[in-house]
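Working notes for the structure below.
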Amino acid sequence: MRNFKGGLCSYVGMTKRNVFLFFKDKTTLFFSMLAPLIVFFLYVIFLKDTYLSSLKESLNAIEGYYDLKDIESLANLWLLAGILGTASITVALNSLQVMVRDKNLKIDYDYTSSPISGVIVILSYFTSALLNTFMITGGILTIGLGITSIMGNTYLSIGKGFMLYLLTLLGSASSVIVMMVIVSFFKKTTSLAAFSGIVSAAIGFIIGAYIPLGNFSKEIQGVLSLVPGSHVACLYRNLLMNGVLEHINTSLNGIDNGMFYTNVSLAFALNLNVFSLEASKHFMMIYIVSSIGLAFILNVVLYRKTIKRR
Numbered sequence: 000m001r002n003f004k005g006g007l008c009s010y011v012g013m014t015k016r017n018v019f020l021f022f023k024d025k026t027t028l029f030f031s032m033l034a035p036l037i038v039f040f041l042y043v044i045f046l047k048d049t050y051l052s053s054l055k056e057s058l059n060a061i062e063g064y065y066d067l068k069d070i071e072s073l074a075n076l077w078l079l080a081g082i083l084g085t086a087s088i089t090v091a092l093n094s095l096q097v098m099v100r101d102k103n104l105k106i107d108y109d110y111t112s113s114p115i116s117g118v119i120v121i122l123s124y125f126t127s128a129l130l131n132t133f134m135i136t137g138g139i140l141t142i143g144l145g146i147t148s149i150m151g152n153t154y155l156s157i158g159k160g161f162m163l164y165l166l167t168l169l170g171s172a173s174s175v176i177v178m179m180v181i182v183s184f185f186k187k188t189t190s191l192a193a194f195s196g197i198v199s200a201a202i203g204f205i206i207g208a209y210i211p212l213g214n215f216s217k218e219i220q221g222v223l224s225l226v227p228g229s230h231v232a233c234l235y236r237n238l239l240m241n242g243v244l245e246h247i248n249t250s251l252n253g254i255d256n257g258m259f260y261t262n263v264s265l266a267f268a269l270n271l272n273v274f275s276l277e278a279s280k281h282f283m284m285i286y287i288v289s290s291i292g293l294a295f296i297l298n299v300v301l302y303r304k305t306i307k308r309r
């Protein structure tokens, strides 16, 4: 019982310390938000008019059967899904800089020489990064929903809103634990910072935040679908966009034979293709949860190997 209490106190104390270090470092906090900012500015400056014009063109023949604000809401919600998908990954990655900083300053040597188990150390890094990622991504979701609701009707029910926050928690957990595996190979914060910059620039393409995955070939879509973040982003798109899309489809009352709904689903990658096989929402959820379990096991194995080398 005493060992359990001691381990719990160590876990809570280490977790608090890691959270404090993240929010204390303003530079790390800024670079965590770099990818979402890139998505936002690219969309506003270059992409919004392109997507709006393509959506309007597909409805030219049936103009008057839909509300133009619904089309704009559809595009805005796609943007929000992209921002949330990239934020969950980049914030997670930067939250884990404390792991590398501890290696750099030899603080991890104190952990390995103490009675604290490796699982507790890993859990403290995981929990702190999860809290950081969920707080920031959840904050972005709240602000994003507020802004999009002001700009137009999102047709989101309370149930779907609740599911969005649950997805944010699940996506944050998946991003953190997967990134922990990658971060464990870094020994210097400068190297990790350079890697974070690359990830911030590339992750939007990988999960379809800059360009919908439907624009890529099926082979490339299959490769990109191996990234758990692609599944998280796809679920975000479904939860955020389906309400508006179904409302527009109902307004059209079948005069387009459902082609607008089908075309938007394909163009904006509401369905994820895993090597020519369409992934269901249940499959995507299972894939994300499985990635969390597998990555946690890998983290424990890598941590134990690190200890043995000392």
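Numbering of the sequence shown is given in numbering that gives the first Met the number 0, commencing with residue 0 and proceeding in unit increments.
Heads up, the beta-carbon is just placed ideally off N, CA and C, and yes, glycines get one too.
Return the CA-CA distance between residue i and residue j, expressed in angstroms with no decimal places.
i           : j           : result
residue 144 : residue 8   : 37 Å
residue 135 : residue 90  : 8 Å
residue 48  : residue 100 : 43 Å
residue 250 : residue 244 : 10 Å
When you compare the CB positions of residue i and residue j, do they come within less than 8 Å of one another, or not?
i           : j           : result
residue 95  : residue 124 : yes
residue 138 : residue 164 : no
residue 175 : residue 206 : no
residue 73  : residue 240 : yes
residue 235 : residue 84  : yes
residue 42  : residue 67  : no
residue 273 : residue 199 : no
residue 180 : residue 191 : no
residue 246 : residue 271 : no
residue 311 : residue 97  : In the structure displayed, the chain extends from 0 to 309; residue 311 sits before or after that span and is not available.
residue 120 : residue 302 : yes
Look up residue i in the DSSP assignment and say whether it is helix, strand or coil.
i           : result
residue 41  : helix
residue 222 : helix
residue 278 : strand
residue 183 : coil
residue 209 : coil
residue 101 : helix
residue 204 : helix
residue 176 : helix
residue 312 : Look at the range of the chain in this structure, 0 to 309, and you will see that residue 312 is not part of it.
In the DSSP assignment, find the beta strand (DSSP E) that holds residue i and state where it starts and stops.
i           : result
residue 272 : 271-273
For the alpha helix (DSSP H) containing residue i, name the first residue and the last one.
i           : result
residue 261 : 258-266
residue 156 : No alpha helix (DSSP H) holds residue 156; DSSP gives it neither H nor E.
residue 227 : 227-251
residue 145 : 117-150
residue 73  : 67-94
residue 51  : 47-56
residue 314 : Beyond the ends of the chain as shown, which are 0 and 309, falls residue 314; an answer cannot be given.
Would you verify that the beta carbon of residue i is, or is not, closer than 8 Å to some beta carbon of chain C?
i           : result
residue 137 : Among the chains in the structure shown there is no chain C, since it carries only a single protein chain.
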